[in-house]
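Engineer: Chains as they are written, first to last, in the numbering used here: chain H, 117 to 554; chain D, 117 to 554.
The C-beta atom is built at its ideal place from N, Cα and C for all residues, glycine as well.
This one's a predicted model, so the numbers in the text were calculated from it and none came from an experiment.
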């Protein structure tokens, strides 16, 4: 298989180059993206994407329910709607959040075009260029992209297998304050974090909330995977412990289907008002038909039982990945053992560079996301994110086998020629969220 | 009927007041909004909204087509999609634009969450705070809101019944350049403009393109109503005359249905690339199911014949409005006679103030949008926008009768007590796009 040339465009050919906004400079198509295009070929096992597997949804029953929806309420469902989101949709979202012990009022919810837009609107409401956003080290590539798009400075806070380290958070706040920086919020994914799969313990949640309160720090809690627990019951959300100081982001993409693009923000009342006005300037209103469709699903189907079906399906896939890693990884490689969600985070032995090896991995018909994508500061070269959400279990297992082979060859090259001898390492920060869904 | 108190919130009660971004200050709920909530009561004839009338869509046939779509292709239609928009959707958009003589390639199209998001993304790509955007005087309230959200300076360019005045455009460019301002683009709605209903003549189109080329000015052409011609054939789009220098915004909201939230940008290639990356940071991808639904509609239905049905329906409504205005308006009142679209623009006699009279009009069971909403500079107090898109013809006629009564009383008050005697005029710039769709 031949690999494409890096797709980086020569911006000298762009006649609009002097007309763009400051925030637009540096927006370029990354070389990694071109690789992902190749990784989508059927012969490649892609452990790179974050696409949920929705094959188990009851398509025929859904088709019939939506048929009735259009026949009976089509004139409303296909019309403009509320900038805040439809009231019946927000009532249903209150029910969904109650599964994670959140007590909320529908009036404090703003429906968004997927939870990516929730992230975008929250950043837009709070962040001026140069403002600091704190994020776990590592964090979701799509969030880092949004923070960059608003010209924020991203400061990572260390985490371990229990989540964000409280002392690291406290130290960051003290140091940044001393440096005169404006810290706007802490962005955190407490459950089955993307990319590490780590879940914050209850103790850590309390500690983080206490530190945030002490320092007047707003918490933005992103929780797309919280209900996809594979072992225990869902943990209480940060928002359930502190209603005043947490902006909560939710999504139907993983518990139902992403193609409708419906997510939401639950925010303190004053913030909610700004978000609605911002949503109106951004889209007039979030997708209306999608809201009718999802509310119909939540009304007429046993959505909790469907989540159980998803849990069983993802558990089998996670187990296939953990078994494959156990059987095929090199000595010196370690990885997380997630209790839910989609992702395993791998630490490679010294001398290996995940981004440099990606082209050779794709040639060996396996793809992953290099760890550097999840850091704003260039770290992550000895990490990779593996997703167990999309390929079937036997393919996942085979993918880890191929990956094991690639790692073995890489390590041999390193031992023979030294670091970076086989291929120079191109540090590429411009990877956007797209590979995350492909 | 009692009217609500203005909904302006006391921001001193907002604990987050110091945390917001610069762009968020000044985002407040306007008093006009509260009035519009009252205007939505069934006894009020609302000539204020911009909602299309979609009752004529073939709902049962659509329901059946979408039923098959979900049964047969649901796994793709409900999954994540491309940040640029689905290829089959972009192919269909090329066909739609060909109706207005645009020759385009699907690769240069970016699908958006309604054309409001197209406007948002284009502004985000080009505009830093303080940059100037030129817009017709008056212009679409939702566009002004977006430009303000990106902290642009909006400079209006005079228009007459033939569209933008070329000399006014040239003078604005020269003056702004001399003042050291960065002008990022001209925002224009050439067909059945919102709010005036005016259509740029072919001669004006050529003149505007020539001036733009001469001054290196980008044109953003917003064309949601272009195919809703009520008299002649659609005019050639500006984009059809200059592919290099025009960013074109389109929408399915008025030729099909707004609830799917699908619009698009057609942009020169380099700009298109920035827009895709920006779209990914904003939403990951535009609504996928909506794109499948609309492409299904365009594939399986005679959408051109449906536009003819819409044209006949809107023509009858426009004629009812023009007849009503002719029968009921005060002497000294003038108005535009649109050849398509949704809107008539009214100039009131001296002494009348459209925003000040709105509460009394709503009490008299008729609503309109005050002209001030469509100006960034406080003008428009002697104007109102009347929409003929949503109420049935007899209600539209009755609405103009009620409006005539209100104007008569207002003029009597003015003649008796002088300007502003009956109620002080609250200049309210914060009106957002929401009333436009309600």
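#1: Cutting at 8 angstroms between CB atoms, please list the residues of its own chain near residue 202(H), excluding the five before and the five after it.
#2: When Cβ atoms are compared, which residues of the stretch 242 to 276 of chain D fall closer than 7 angstroms to chain H?
#3: Straight-line CA distance for residue 375(D) to residue 135(H)?
#4: What residues in the stretch 217 to 240 of chain H bring their beta carbon closer than 8 angstroms to a beta carbon of chain D?
#5: Taking 8 angstroms as the threshold, find out whether the stretch 175 to 186 of chain D comes into contact with the stretch 313 to 324 of chain D through three or more Cβ pairs.
#6: Starting from the beta carbon of residue 153(H), find every residue of chain D whose beta carbon is closer than 8 angstroms, and list them in chain order.
#7: Using a Cβ-Cβ cutoff of less than 8 angstroms, which residues in the same chain neighbour residue 373(D) once the five nearest sequence positions on both sides are dropped?
#8: Measuring only between beta-carbons, confirm whether residue 195(D) sits less than 8 angstroms from chain H.
#9: Give the list of continuous alpha helix (DSSP H) stretches no shorter than 4 residues that lie fully inside the stretch 316 to 388 of chain H.
#10: Thinking C-beta only, is residue 458(H) closer than 8 angstroms to residue 166(H)?
#11: From 255(H), 176(H), 191(H) and 188(H), pick the residue whose C-alpha is nearest to that of residue 189(D); which is it?
#12: Let me check one thing: in DSSP terms, what residues is residue 162(H) bridge-paired to?
#13: Based on the DSSP output, what are the partners of residue 275(D) in its beta bridges?
#14: Quick one: using the 10 Å Cβ neighbour count with 16 as the cut-off for buried, is residue 299(D) buried or exposed?
#15: For a minimum of 4 consecutive residues, which ranges assigned as the alpha helix (DSSP H) are wholly contained in the stretch 202 to 266 of chain H?
#16: Pairs of beta-carbons, one from the stretch 479 to 497 of chain D and one from the stretch 236 to 254 of chain D, closer than 8 angstroms: are there three or more?
#17: When burial is assigned at 16 or more other CB atoms within 10 Å of the CB, is residue 382(D) buried or exposed?
#18: Between the stretch 173 to 185 of chain H and chain D, which residues of the former have CB atoms less than 9 angstroms from a CB of the latter, in chain order?
#19: What does residue 423(H) touch in chain D if you count any residue whose Cβ is under 7 angstroms from its own?
#20: Rounding to the nearest angstrom, what Cα-Cα distance links residue 427(H) and residue 456(H) in this structure?
#21: In the DSSP assignment, find the unbroken alpha helix (DSSP H) run with residue 516(H) in it and report its ends.
#22: Buried or exposed: which applies to residue 277(D), given that a residue is buried once 16 or more other Cβ atoms fall within 10 Å of its Cβ?
#23: Could you list which residues in chain H have their beta carbon closer than 8 angstroms to that of residue 387(D), in chain order?
#24: Would you mind giving the Cβ-Cβ distance between residue 361(D) and residue 329(D), rounded to the nearest angstrom? I have them listed as a contact below 8 angstroms.
#25: Measure the alpha-carbon distance for residue 418(D) versus residue 424(D) and round it to whole angstroms.
#26: Note down, in chain order, each residue of its chain lying with its Cβ closer than 7 angstroms to the Cβ of residue 314(H), except the 5 sequence neighbours on either side.
#27: Output, in sequence order along the chain, the residues in the stretch 396 to 407 of chain H whose CB is closer than 8 angstroms to any CB in chain D.
#28: For residue 402(D), collect the residues of the same chain with a Cβ closer than 6 angstroms to its Cβ; drop the 5 residues on either side in sequence, then sort them by chain order.
#29: Taking the beta carbon of residue 470(D) as the centre, do at least 16 other beta carbons fall within 10 Å, making it buried, or is it exposed?
#30: Once you ignore the five residues that flank residue 450(D) on each side, which residues in its own chain have a CB closer than 6 angstroms to its CB?
#31: For chain H, find out if any of its Cβ atoms is closer than 8 angstroms to the Cβ of residue 466(D); answer yes or no.
#32: Taking only the alpha-carbon atoms, compute the straight-line gap between residue 510(D) and residue 502(D) and give it to the nearest angstrom.
#33: I'd like to confirm the pairing. Which residues does DSSP put opposite residue 459(D) in its beta bridges?
#34: With 16 other CB atoms within 10 Å as the buried threshold, where does residue 515(H) fall?
#35: Of all Cβ atoms in chain D, is any one closer than 8 angstroms to the Cβ of residue 304(H)?
#36: Give, in chain order, every residue of the stretch 316 to 350 of chain H whose Cβ lies closer than 7 angstroms to some Cβ of chain D.
Structural biologist: The relevant details are as follows:
#1: Within the first chain, the letter at position 86 stands for residue 202(H). The beta carbon of residue 202(H) sits closer than 8 angstroms to those of 227, 404, 407, 408 and 411, all from its chain and outside the five residues before and after it, given in chain order.
#2: Taking 7 angstroms as the upper bound on Cβ-Cβ separation, chain H lies near residues 242, 243, 244, 258, 261, 262 and 265 of the stretch 242 to 276 of chain D.
#3: Locating residue 375(D) in the second chain gives position 259, where the first residue counts as 1. Locating residue 135(H) in the first chain gives position 19, where the first residue counts as 1. A direct Cα-Cα distance of roughly 33 angstroms separates residue 375(D) from residue 135(H).
#4: Answer set for the stretch 217 to 240 of chain H: 229, 230, 232, 233, 236 and 240.
#5: Segments in contact, no.
#6: On the first chain, position 37 is the one that residue 153(H) refers to. Those do not exist, as residue 153(H) stays about 11 angstroms from chain D at its closest Cβ, beyond 8 angstroms.
#7: Here residue 373(D) refers to the residue found at position 257 of the second chain. Closer than 8 angstroms at the Cβ level, and outside the excluded window around residue 373(D), lie 168, 170 and 173.
#8: Residue mapping note: residue 195(D) aligns to position 79 of the second chain, counting from 1. Contacts with chain H at 8 angstroms (Cβ-Cβ) include residue 195(D).
#9: Those alpha helix (DSSP H) runs which fall completely within the stretch 316 to 388 of chain H and span 4+ residues are 318 to 331 and 354 to 357.
#10: Indexing the first chain from 1 puts residue 166(H) at position 50. Indexing the first chain from 1 puts residue 458(H) at position 342. It is a contact, given that the beta carbons lie within the stated cut-off.
#11: Taking the first residue of the second chain as 1, we reach residue 189(D) at position 73. Selected option, being the one with the closest Cα: 176(H).
#12: As a first step, residue 162(H) must be located in the first chain, where it is residue number 46. According to DSSP, residue 162(H) bridges with 483(H).
#13: As a first step, residue 275(D) must be located in the second chain, where it is residue number 159. Its beta-bridge partners are 280(D).
#14: Position 183 of the second chain holds residue 299(D). So residue 299(D) ends up on the buried side.
#15: Complete alpha helix (DSSP H) runs here, min 4: 203 to 214, 230 to 242 and 257 to 265.
#16: The stretch 479 to 497 of chain D is in contact with the stretch 236 to 254 of chain D.
#17: Your numbering for residue 382(D) matches position 266 in the second chain. It counts as buried.
#18: Flagged, chain order: 173, 175, 176, 178, 179, 180, 182, 183, 184 and 185.
#19: Working through the first chain from its first residue, we reach residue 423(H) at position 307. Simply none; closest approach about 16 angstroms.
#20: Taking the first residue of the first chain as 1, we reach residue 427(H) at position 311. Taking the first residue of the first chain as 1, we reach residue 456(H) at position 340. Roughly 8 angstroms separates the two Cα atoms.
#21: Start at 1 with the first residue of the first chain, and residue 516(H) comes out as number 400. For residue 516(H), the uninterrupted alpha helix (DSSP H) run begins and ends at 509 to 533, by DSSP.
#22: The residue labelled residue 277(D) in the question sits at position 161 within the second chain. Its Cβ having fewer than 16 others within 10 Å, residue 277(D) is exposed.
#23: Residue mapping note: residue 387(D) aligns to position 271 of the second chain, counting from 1. Against chain H, a Cβ distance below 8 angstroms from residue 387(D) picks out 132.
#24: Taking the first residue of the second chain as position 1, residue 361(D) is located at position 245. Taking the first residue of the second chain as position 1, residue 329(D) is located at position 213. Sure, about 6 angstroms apart at Cβ, within 8 angstroms.
#25: Stepping through the second chain from its first residue, residue 418(D) is reached at position 302. Stepping through the second chain from its first residue, residue 424(D) is reached at position 308. Using only the alpha carbons, I get a separation of about 10 angstroms.
#26: Residue mapping note: residue 314(H) aligns to position 198 of the first chain, counting from 1. 275, 277, 279 and 452.
#27: Cβ contacts with chain D come from 396, 397, 398, 399, 400, 401, 402, 403, 404, 405 and 406.
#28: Counting from one through the second chain, the residue named residue 402(D) turns up at place 286. Excluding five sequence positions before and after residue 402(D), the CB atoms of its chain that fall closer than 6 angstroms to its own CB belong to 201, 227, 228 and 229, given in chain order.
#29: Position 354 of the second chain holds residue 470(D). Buried, by the Cβ-count rule.
#30: Here residue 450(D) refers to the residue found at position 334 of the second chain. Around residue 450(D): 463.
#31: Position 350 of the second chain, counted from the first residue, corresponds to residue 466(D). No - not a single Cβ of chain H is within 8 angstroms of the one on residue 466(D).
#32: Numbered from its first residue, the second chain carries residue 510(D) at position 394. Numbered from its first residue, the second chain carries residue 502(D) at position 386. Using only the alpha carbons, I get a separation of about 15 angstroms.
#33: Translated into the one-based positions of the second chain, residue 459(D) becomes position 343. Partner(s): 503(D).
#34: Along the first chain, read from residue 1 onward, the residue named residue 515(H) stands at position 399. Taking all protein chains in view, the Cβ of residue 515(H) is crowded by 16 or more other Cβ atoms within 10 Å, so the residue is classified as buried.
#35: Reading the first chain from its first residue, position 188 is the one you call residue 304(H). In terms of beta-carbon proximity, residue 304(H) stays away from the interface with chain D, with every pair separated by 8 angstroms or more.
#36: The residues in question are 334.
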